[in-house]
Amino acid sequence: MVQGAQALDVPVLVTEQYPKALGATVSEVNGVLKPGTPVFAKTLFSMCTPDVDAWLKSKPEVKQVLLLGIEAHVCVFQTSLDLLERGYEVHLVTDGVSSSRPHHRAAGLQRMAQMGALVSNSELALFQLAGDAKHPRFKEISALVKEGQACEPFTFTASL
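Written out as structure tokens, the structure is:
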């Protein structure tokens with residue numbers, strides 16, 4: 001999804017939940033980020049920190065957010081709630097959203113949809129953004145989808 005968004009010139013930003021203790025962004029995402037992509041460390045469960053809010057305000061053309069991440073029932077949920085409250089249209093890219101337990105993911109996705117977030121997936125989002133097979137980057141997007149790289153599902157395991 002990140003590669004496709006970048007190919008379509010969609011602004012991308014990354015937040016990391018307490019990277020000192022939990023580690024940096026997963027390699028599947030970090031490895032495809034364009035140089036200069038903003039990466040914000042945070043301890044707030046929502047990604048809507050003052051730094052991210054300032055970044056979003058610097059892009060007044062952004063009205064919709066494609067949301068991906070881990071812990072659907074915590075960080076993704078609270079981010080979705082905050083973005084909706086700020087007036088953004090939130091699209092949950094479900095093949096890029098995970099939780100440590102399947103029932104936590106399901107509950108998080110259901111609650112976000114009930115709050116007004118739109119349930120989506122990477123293929124749907126990328127082709128909606130491209131809009132037409134005549135789009136100059138259509139072949140690149142189509143190749144990502146065919147190769148199954150539009151959004152590699154996150155896998156997250158935790159030991160308690």
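No gaps in the numbering here: position 33 of the sequence shown is 33 in the UniProt record's numbering, and each next residue is one more. Glycine included, every Cβ here is placed at the ideal spot set by N, Cα and C.
Residue pairing by DSSP puts F40 in a beta bridge opposite T15. Separation of K57 and L44 (C-alpha to C-alpha, rounded to the nearest whole angstrom) is 19 Å. Distance from the CA of F138 to the CA of D53, rounded to the nearest whole angstrom, comes to 31 Å. As the crow flies, the alpha-carbon of I70 is around 24 Å from that of F127.
According to DSSP, residue pairing for H91 in a beta bridge involves L66 and L118. In terms of Cβ geometry, V97 and V76 form a close pair [threshold 8 Å]. Residue environment analysis places A130 among the buried positions, since at least 16 neighbouring C-beta atoms fall within 10 angstroms of its C-beta.
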